[in-house]
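Protein chains in written order, with the numbering used here: chain A, 1 to 241; chain B, 242 to 532. The structure under discussion appears below in the form of structure tokens.
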Amino acid sequence: MSLLEVDNLHVAYGKSQALFGVSVEVSRGELISLVGRNGVGKSTTMRGIMGLNVPNRGVVRWKGEDISGRDPHLNCRDGIGYIPEDRRIFSDLSVWENLDVARNYNATSTADSNIAKRWNEESVFTLFPELADLRNRKGGVLSGGQQQMLTIARSLMGNPELLLLDEPSEGLAPLVVSRMREGIEQLKEAGLSIVLAEQNLGFVLALSDRVYVLEKGQVKYSGSAEDLKNNIDIQKQYLTV
Amino acid sequence: MFIQLMNSLALGMNLFIIAVGLTLIFGVLRVINFAHGSFFMIGAYVLYSVVKRTGDTALGFWGGIVVAMLVLGFIAWLVERFLLRRLYDKEHLLQLVFTFALVLIVGDLVKIIWGPLQHSISYPPGFGGATDLGISRYPTYMLFLILSGPVIAVSLWLILEKTRWGRIIRAARLDRQMLSALGVNVKAVYSAVFVAGAMLAGLGGALAAPRLAVEPGMDALIIIDCFIVVIVGGLGSLWGSFFGAIILGVATIFGTLIFGEWEIVIVYILMVAVLLWRPWGLLGRIEEDRH
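Encoded structure:
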């Protein structure tokens, strides 16, 4: 059984339809990527899975259970972590307070899962030591890279089994991007399943098990990272700007 | 002069307790609650009913204040859970119309339940006299009102800054959707904040009852003052409403003393002056786009 199964998902913003039947599957421990140009529906797919936008057709199944359109806080407590593109740090709260707010006393996910790790401040500061020294600093004054680390760390505080990771490399300097890549590799090693949305193809190919190529709200291609690497036609058609 | 200054503070601190509930509700729910004055009025009437039954005893008065807060908490929970909750995603105008409808409904209900006449409540036992402050003697109950303001301000500040509940409320003010995606039941937070805000209005109403006539129409007077306080102080700001309330208290008392019936003009000129200087209020913040 797949951990997450997205079947024929349709999502609209008001009257403008953004997704036209996206289907994606994630197995336990897998890292899959959604790639494609700006505005093809990568973020919308994630928002639809998380319940931030209610799908008007299609089904999201989490461990076999239909969770389409369920309230986001229930999805989070059930083990889905959401890390938005624009990071959405609580700017007036300190780094520690950002983590504390996301601490999930009601998490049900780890009870029956094979993820041994339970996250807390100490373990997220071990993952991102850069944050430890900033714990009393307000979230709003952090650099882009620090905010990106904080938004990942914050989501981990809810002990997710699956992370929806939206464009973690966007707007970051190359050195910080490779730091982020290391962090994501560590998360994968820790047993987390990950859905990654990215424009940076190098980043995607290095990390992913499988890749879905999106265009105009539909999946146009899916296959292993290796296959996509060798398929120059698909890359030209859907990924070059 | 000293007495007038103390009166200003007593009025200001009483206003603060009411206005801070309004500003708390606005800061989190983004709803401008016209019915806040109605909650204040219910608080005063409930205290009157309790004291009428128990007679002028300390237990009757202080217990009545607790009862008033509980009654308002319950009313606010019902209103939020079954009515207001349906309007968060709708346009602001609908929310305004809804809270204004509450004002009219509560206004009539109060007349039906307690009648159209004035009622009065005596000072609680032990608070009827005056206390010698060295410079001058001053009514003990008013002194108590002055002290209640800072106690409540500091308590609220500690809750907001030092507890996890407070951190969640501050986060909800900034980005409720993200908070929800982090596993927090934001609907429950909204409900709790609305209840807490209404309880503060009830507390303010009950505490104000001995210095006012308890009568229909007291809701309309207080809500205007509250709006002035939170606009001058900055919508959503705890300390903004604290200082806004002191400013309004001073402007009202000294305005009356110096300009007589022109006092109200002074208050509005003051408000306009503050808004010209800082359109977002003394301690308010410039609004960013919220998710």
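Just so you know, even glycine gets a beta-carbon here, dropped at the ideal spot from N, CA and C.
Length of the line joining the Cα atoms of A/Y212 and A/R103: For this step, residue 212 of chain A is matched to residue 212 along the first sequence. For this step, residue 103 of chain A is matched to residue 103 along the first sequence. Answer to the nearest angstrom: the Cα atoms are 32 Å apart.
Cβ contact check for the region 23-33 of chain A and the region 373-393 of chain B: 3 or more pairs under 8 Å: Below 8 Å, too few C-beta pairs join the region 23-33 of chain A and the region 373-393 of chain B to call them touching: fewer than three.
Euclidean distance between Cα positions of B/M440 and B/I283: Within the second sequence, residue 440 of chain B is the residue found at index 199, counting from 1. Within the second sequence, residue 283 of chain B is the residue found at index 42, counting from 1. Going by the C-alpha atoms only, they are around 11 Å apart.
Residue closest to B/K352, alpha-carbon to alpha-carbon, out of B/G305, B/G496, B/P457 and B/M242: For this step, residue 352 of chain B is matched to residue 111 along the second sequence. B/K352 has its Cα closest to that of B/P457, out of B/G305, B/G496, B/P457 and B/M242.
Any chain A beta carbon closer than 8 Å to B/A422: Sequence index remark: in the second sequence, residue 422 of chain B carries index 181 (1-based). Interface criterion met: the Cβ of B/A422 is under 8 Å from a Cβ in chain A.
B/W406, DSSP secondary structure in three states: The count along the second sequence starts at 1 and reaches residue 406 of chain B at position 165. Of the three classes helix, strand and coil, the one that applies to B/W406 here is helix, per DSSP.
Chain B within 8 Å of A/G158, Cβ atoms only: In the first sequence, residue 158 of chain A corresponds to position 158, counting from 1. Interface residue, yes.
A/K15 in three-state terms, based on DSSP: As a first step, residue 15 of chain A must be located in the first sequence, where it is residue number 15. Coil at A/K15, not helix or strand.
Proximity below 8 Å, CB of A/N136 to CB of A/S94: Locating residue 136 of chain A in the first sequence gives position 136, where the first residue counts as 1. Locating residue 94 of chain A in the first sequence gives position 94, where the first residue counts as 1. Cβ atoms of A/N136 and A/S94: closer than 8 Å.
Beta-carbon proximity list for B/T340, same chain, < 6 Å, skipping 5 on both sides: Translated into positions along the second sequence, residue 340 of chain B becomes position 99. Excluding positions up to five away in sequence, the list reads N274, F275 and A276.
Interface residues of chain B facing A/N104 [CB-CB closer than 7 Å]: As a working mapping, residue 104 of chain A is identified with position 104 in the first sequence. The answer, in chain order, is G424.
Inter-residue spacing [alpha-carbon to alpha-carbon] between B/F484 and A/I67: Here residue 484 of chain B is taken as the residue at index 243 of the second sequence, counted from 1. Here residue 67 of chain A is taken as the residue at index 67 of the first sequence, counted from 1. Distance between the alpha carbons of B/F484 and A/I67: 48 Å.
Continuous alpha helix (DSSP H) stretch holding B/R378: start and end: Indexing the second sequence from 1 puts residue 378 of chain B at position 137. DSSP places B/R378 in no alpha helix (DSSP H) but in the uninterrupted beta strand (DSSP E) bounded by R378 to P380.
Proximity test, Cβ basis, 8 Å: B/R378 and chain A: The residue labelled residue 378 of chain B in the question sits at position 137 within the second sequence. No, because no Cβ of chain A sits closer than 8 Å to the Cβ of B/R378.
At least three beta-carbon pairs within less than 8 Å, the region 290-297 of chain B to the region 397-416 of chain B: no
8 Å Cβ cutoff met for B/A437 and B/V427: If you number the second sequence from 1, residue 437 of chain B lands on position 196. If you number the second sequence from 1, residue 427 of chain B lands on position 186. Result no, Cβ atoms of B/A437 and B/V427 do not sit closer than 8 Å.
N- and C-terminal bounds of the beta strand (DSSP E) containing A/I89: In the first sequence, counting from the first residue as 1, residue 89 of chain A sits at position 89. Counting along the chain, A/I89 sits inside no beta strand (DSSP E), nor does DSSP assign it H or E at all.
Enclosing beta strand (DSSP E) for A/W62 [first to last residue]: Translated into the one-based positions of the first sequence, residue 62 of chain A becomes position 62. Here the beta strand (DSSP E) through A/W62 covers R57 to W62.
Sub-8 Å separation of B/V272 and B/I362 beta-carbons: For the purposes of this step, residue 272 of chain B is taken as the residue at position 31 of the second sequence. For the purposes of this step, residue 362 of chain B is taken as the residue at position 121 of the second sequence. Not a contact, by the Cβ cut-off of 8 Å.
Cβ contact check for the region 415-424 of chain B and the region 246-264 of chain B: 3 or more pairs under 8 Å: No: the two stretches stay apart, fewer than three of their Cβ pairs being nearer than 8 Å.
Test: A/V101 CB closer than 8 Å to a CB of chain B: As a first step, residue 101 of chain A must be located in the first sequence, where it is residue number 101. Interface residue, yes.
Length of the line joining the Cα atoms of B/W460 and B/G474: The sequence position of residue 460 of chain B within the second sequence is 219, counting from 1. The sequence position of residue 474 of chain B within the second sequence is 233, counting from 1. It should be pointed out that residue 460 of chain B corresponds to Asp in this sequence rather than to Trp. Roughly 21 Å between the two C-alpha positions.
Segment limits, alpha helix (DSSP H) that includes B/G305: As a first step, residue 305 of chain B is located in the second sequence; it is residue number 64 there, counting from the start. Where B/G305 is concerned, the enclosing alpha helix (DSSP H) stretches over A299 to F323.
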